[in-house]
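Working notes for the structure below.
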Amino acid sequence: MTSACVDRVAWALLARAASGPCAALLELVDQVGVTDAAAIVEAGGTGLLLDPAVLARGRSLDAAARDLDDADRLGLQLITRDDPEWPHELLACLPTGSDNPGDVETACRRGGALALRIEDLDQENSCVRLREKGETIRWQPISPSLMRALLYHITDRVPPGAKPDEQLFRYYDGRRITGRRYDYIWTRVGKHLPWVVSQGITAHWLRHTTLTWVERNFGYAVAHAFAGHTDDSTPAGATITYIRSSFEEVAQAVAALTGEPHPLLSDN
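Here UniProt numbering is used: the first residue of the sequence shown is 1, the next is one more, and so on.
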């Protein structure tokens, strides 16, 4: 195996271990090199805040090599420091098996994600407070993995001294993201997947996909609550008043969607 291939597998292993950009992990790479950093992570010799779900499933170089095979087969791209967009994107754009993007998991609108504040995280109950169109405010259950990722995002990107009511999502340099970030991401996806452009796919499709899955598996009432619809926002408003879903049922749908137990469910 060439040195370039070895480095590529090492980057893939680090991608499995980190749920997004990880400044401390990159410092380790700077200190010892990517291959030695991967060996340290594989051996468990680091106290970095890494994704325990991914680590439990496997942080071996063999597993990383399989990720690369999957990426090549699907036409995905490994993002390293050689990429001009580094480190704007995730540590590596690879399917780690634990990716739970907020737009998919919460089915939130684009505006809801952009409006998320530092103070909107309820870590104990694994919920986020969403502010969406029509000045609606609601709490939405999320997986513990997504909560950890959001907390790490704050630690890694939000400048020290930021107020609780300030925007949560930031660029790597601490600047607040805007709707242009969404536009850029989908433009870049379209460069690799032409059908994204031809069909006009956007983040709203993620919301629609999640809500369709919830409706098929948990029924209309749960999907209605999952979407954050008010009783008078749909033609079925009068009917939904009598079949309103409970907050715990939404948490149950999140648990099924992500494959993780949720703290709001009593049987956990």
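Each residue gets a CB set at the ideal place from its N, CA and C atoms; glycine is no exception.
Just so it is clear, the structure is predicted and the values come from calculations on it, not from any experiment.
| query | Would you call the CB atoms of G179 and R110 closer than 8 Å? | reply | yes
Q. In three-state DSSP terms, what is P144?
A. helix
message = Could you check whether R188 and I177 sit closer than 8 Å to each other, using their CB atoms as the reference points?
response = no
Problem - 3 or more residues per run - each beta strand (DSSP E) lying fully within the region 153-205 - result: none
| Residues that C127 bridges to, as DSSP identifies them | D122 and P141
Query - Nonlocal neighbours in the same chain, by C-beta distance under 8 Å from P153, ignoring five residues either side - result: According to the sequence shown, residue 153 is His rather than Pro. If we look at H153 and ignore the five residues flanking it on each side, its Cβ neighbours are G20, L168, F169 and R170.
Does DSSP put E260 in a helix, a strand or coil? coil
Open item on the list: Once DSSP output is grouped into helix, strand and coil, what is the label at R117?
Closed with: strand
Is the beta carbon of T106 closer than 8 Å to that of I142?
yes
Per DSSP, which one or two residues make a beta bridge with T136?
-> E132
Backbone CA spacing between G161 and A256 [nearest angstrom]
37 Å
query: Using the C-alpha atoms, what's the distance from G112 back to E135?
result: 10 Å
Subject >> Integer Cβ distance of V32 from L14, believed to fall under 8 Å >> reply: 12 Å between Cβ atoms; not a contact.
- Exposed or buried, R175, counting other C-beta atoms within 10 Å across all chains shown (16 or more means buried)? exposed
Spatial neighbours of Q123 in its chain, beta-carbon cut-off 8 Å, leaving aside the 5 residues before and after = M147 and L151
Original post:
For L114, which of L61, E249, E166 and A38 has the nearest alpha-carbon?
Top reply: E166
- request: Rank Y184, R216, N217 and A24 by C-alpha distance to the C-alpha of D156 and give the top, closest one.
  value: A24
Worksheet item: Taking DSSP as the reference, what is the three-state secondary structure of R207?
Response: helix
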